[in-house]
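Student:
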Amino acid sequence: MKEAKSPITKTEDKSFVTVYIMGKAYKVPTEATIMGAIEYAGYQLKRGAGCREGFCGACATVFRMPGDYKIYTGLACTTLVKNGMWLAQLPAIPGQKALYNIEQIKPTVNAIQNLYPEVFRCVACNTCTKACPQDLEVMDYIQAAKRGNYEMLMDLSFDCLSCGLCAIRCPAEIVQMNVGILGRRLYGKYLAKESRFLKERLKDVKDKKYDKEYEELMTMDKKALSKRYYDRDLEE
Ligand code: FES
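Take the sequence shown: its position 35, counting from 1, is numbered 152 in the working numbering, and each next residue is one higher.
Shown next, in the form of structure tokens:
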């Protein structure tokens, strides 16, 4: 994070709050996100920022509040600032990732035991669920992994951003996000029903049936593109 000249003023305007970035006080707009406040204070974020919309998980961060012993967590791009907040940028969150050849493993409890044995140390404290900025039932999908219930593991972890905030709080040192990825991969390869339309669509793509539509999408503005996305037909 590179510091630039700070644009703050000494105003007591109620639309500003004071936050501390790396121990230095800054007045930032009340409605700013943590990421917005850091940039408003004059810092340039070169790492730990991606989509800025709460989807990519790149901006996991921690903060503290005055007089409170707790360390709070959140996504810097969607968590709003509060008066007195203490902020610091986290280095990337390390996450132990098992290496495997998906052709050589099956969706069984054994796969979990071999690749992520720490899952069986889960003490069901629910800290992972409380830390999740997506409000996922993280502990429940870890319990599903323990039982070899891949459908539940896939389903409950499906919206995971891999931000890692669950993993940094886990006393059993489980990296929940990577267990979820394993579950979704195995479910997709061995258990998911094959889509009725997949083969047809792949052939259509090969035959360049959608090239004209792709070109049209590339020229659309964000609003029109968003409307087209949300109005699309979904396969049941
Ligand atoms: S920048 Fe992508 S989730 Fe925050």
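Ideal Cβ placement from N, Cα and C applies to all residues, glycine included. Quantities reported herein were computed from a predicted structural model and do not represent experimental measurements.
(1) Is the number of C-beta pairs between the region 211-225 and the region 192-201 that are closer than 8 Å three or more?
(2) Closest to Leu270 by CA distance: which of Val322, Met294, Arg318, Lys187 is it?
(3) By how many angstroms is the C-alpha of Asp328 removed from the C-alpha of Tyr143?
(4) I need the straight-line Cα distance from Val179 to Leu204, nearest angstrom please.
(5) Checking the sheet assignment: what are the DSSP bridge partners for Arg181?
(6) Report the partner residues of Gly191 according to the DSSP bridge assignment.
(7) Do you know how far the Cα of Asp257 is from the Cα of Leu273?
(8) How big is the Cα-Cα spacing for Phe237 and Ala284?
(9) Quick check on the burial criterion: 16 or more other C-beta atoms within 10 angstroms. Buried or exposed for Phe133?
(10) Can you look up Tyr143 in the DSSP assignment and give me helix, strand or coil?
(11) Could you tell me whether the Cβ atoms of Arg286 and Thr190 are closer together than 9 Å?
(12) Please state if the CB of Ala177 and the CB of Gly281 are separated by a distance shorter than 9 Å.
(13) Using only CA atoms, which one of Leu232, Ala248, Phe275, Arg318 lies nearest to Arg301?
(14) Using the rule of at least 16 other Cβ atoms within 10 Å of the residue's Cβ for burial, across every protein chain shown, is Cys168 buried or exposed?
Tutor: Short version:
(1) Counting C-beta pairs closer than 8 Å gives fewer than three between the region 211-225 and the region 192-201, which falls short of the contact rule.
(2) The count along the sequence shown starts at 1 and reaches residue 270 at position 153. Taking only the C-alpha atoms, the option nearest Leu270 is Met294.
(3) Residue 143 sits at position 26 when you count from the first residue of the sequence shown. Residue 328 sits at position 211 when you count from the first residue of the sequence shown. Distance between the alpha carbons of Tyr143 and Asp328 is about 50 Å.
(4) Taking the first residue of the sequence shown as 1, we reach residue 179 at position 62. Taking the first residue of the sequence shown as 1, we reach residue 204 at position 87. Rounded to the nearest whole angstrom, the C-alpha separation of Val179 and Leu204 is 7 Å.
(5) For the purposes of this step, residue 181 is identified with residue 64 of the sequence shown, where counting begins at 1. DSSP links Arg181 through a beta bridge to Trp203.
(6) As a first step, residue 191 must be located in the sequence shown, where it is residue number 74. Paired residues: Thr178.
(7) Within the sequence shown, the letter at position 156 stands for residue 273. Within the sequence shown, the letter at position 140 stands for residue 257. Their backbone Cα atoms lie some 8 Å apart in a straight line.
(8) Start at 1 with the first residue of the sequence shown, and residue 237 comes out as number 120. Start at 1 with the first residue of the sequence shown, and residue 284 comes out as number 167. Straight across, the Cα-Cα distance linking Phe237 with Ala284 is about 15 Å.
(9) If you number the sequence shown from 1, residue 133 lands on position 16. By the Cβ neighbour-count rule, Phe133 is buried, with 16 or more other Cβ atoms within 10 Å of its own.
(10) Taking the sequence shown and counting its residues from 1, the one referred to as residue 143 is at position 26. Looking at Tyr143 - three-state DSSP - the assignment turns out to be strand.
(11) Taking the first residue of the sequence shown as position 1, residue 286 is located at position 169. Taking the first residue of the sequence shown as position 1, residue 190 is located at position 73. With contacts defined as CB atoms closer than 9 Å, Arg286 and Thr190 qualify as a contacting pair.
(12) Mapped onto the sequence shown, residue 281 falls at position 164. Mapped onto the sequence shown, residue 177 falls at position 60. Inclusion of Gly281 and Ala177 in the CB contact set at 9 Å is warranted, their separation being smaller than that value.
(13) On the sequence shown, position 184 is the one that residue 301 refers to. Checking every option, the nearest Cα to that of Arg301 belongs to Phe275.
(14) Residue mapping note: residue 168 aligns to position 51 of the sequence shown, counting from 1. By the neighbour-count rule (16 or more Cβ atoms within 10 Å), Cys168 is not buried but exposed.
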